[in-house]
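Only one structure is covered here, and it is reproduced in the block below.
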Amino acid sequence: MRHRRKFNHLSRTSAHRKAMLSNMATSLILHKHITTTLAKAKALRSYVEPLITRSKEDTTHSRRMVFSYLQSKEAVNELFREVSTKVADRPGGYTRIIKMPNRLGDNAEMCFIELVDYNEHMLAAEKEAPKTAGKRKRRRGGGSSKPKDSQNAATTAVVGEEVKDEAISDVVETPETVTEEPKAEEGPVAGSAKEEKAEEGKAKEEGPKKGDGAEKKVE
């Protein structure tokens with residue numbers, strides 16, 4: 000049972016654990032990233048981040064307090080001169096843990112711990128993220144198909160109305176042209192034919208009568 004165990008002892012004595020974390024913190028400050036097991040990285044994160052926060056105030060007292068944990072002048076100078084300026088605007092979360100494949104020997108969980116402000120690739124991705132985030136369009140899960148259907152229905156209705164209007168206009172226009180043109184062409188022709196036939200009939204009827212009267216007069 001883990002009664003009264005607020006932190007991971009890492010299967011080490013107190014002196015051994017403090018020395019190990021001090022060496023790991025020194026390596027992390029000098030090299031900006033190290034590879035270790037996941038349990039050690041989590042313990043190192045809670046050990047080194049308060050020291051980085053203290054380095055924001057460059058005073059003699061702060062330097063002595065940090066030196067009591069790190070026991071390395073080079074690491075203290077690096078922390079107060081360079082690292083503190085990098086993390087000046089960051090209110091916490093100075094380290095990042097990235098998991099790696101398990102170790103081959105004992106299958107231990109491995110990870111990669113680094114200082115956040117020294118990873119140039121991640122910083123570039125964070126700067127580009129807000130630009131691309133504004134261009135993205137948010138879509139709801141089930142509501143995307145409905146507007147399309149309504150738009151298609153509206154377009155089909157409009158197209159149907161246009162087709163109907165065109166058909167009606169064609170139906171209205173065609174009889175006028177068909178009925179008017181034959182009337183204009185056939186009316187006079189039919190009338191003239193009837194008149195000619197009537198005149199011919201009259202001439203035939205009147206012809207013999209006049210001839211008989213003339214012959215009688217001559218005789």
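Residues 0 to 218 (numbering that gives the first Met the number 0) make up the sequence shown, in order.
C-beta atoms are modelled at their ideal positions from N, C-alpha and C, and glycine is treated no differently.
| Item | Value |
| --- | --- |
| Cutoff 6 angstroms; reference S61; Cβ partners in own chain excluding five residues on either side | R53 |
| Span of the beta strand (DSSP E), counted from its first residue to its last, around E113 | M109 to L114 |
| Rounded separation between N106 and T36 - CA only | 10 angstroms |
| Three-way DSSP call (helix, strand, coil) for R95 in this model | strand |
| Endpoints, beta strand (DSSP E) assigned at H235 | Limits of the chain in this structure are 0 at one end and 218 at the other, which puts residue 235 out of reach. |
| Three-state secondary structure assigned by DSSP to A42 | helix |
| Closest by C-alpha distance to M64, when choosing among K55, E73, L50 and R95 | L50 |
| Proximity to P90 [Cα-Cα], best of R102, S45, L69 and K55 | K55 |
| Neighbourhood of A74 by C-beta distance below 8 angstroms, restricted to the same chain and skipping five residues each side | A24, T25, I28 and L29 |
| Distance between R16 and M0 (C-alpha atoms, nearest Å) | 21 angstroms |
| Segment contact, 8 angstroms Cβ cut-off, at least three pairs: the region 113–127 with the region 88–102 | yes |
| P220 in three-state terms, based on DSSP | Outside the displayed span of the chain (0 to 218) sits residue 220, for which this structure offers no information. |
| Reference F111, options A38, E198 and T84, closest by Cα | A38 |
| Sequence-distant residues of its chain with Cβ nearer than 6 angstroms to H8 (five each side left out) | none |
| Distance, S45 Cα to S13 Cα | 16 angstroms |
| For S21, the nearest candidate out of S10, A42 and R4 (CA to CA) | A42 |
| Status (buried if at least 16 other CB within 10 Å, exposed otherwise) for E77 | buried |
| Buried or exposed by the 16-neighbour rule on C-beta atoms within 10 Å, applied to L69 | buried |
| Inter-residue Cα distance where the pair is D57 and E48 | 16 angstroms |
| Span separating the alpha-carbon of T34 from that of R139 | 42 angstroms |
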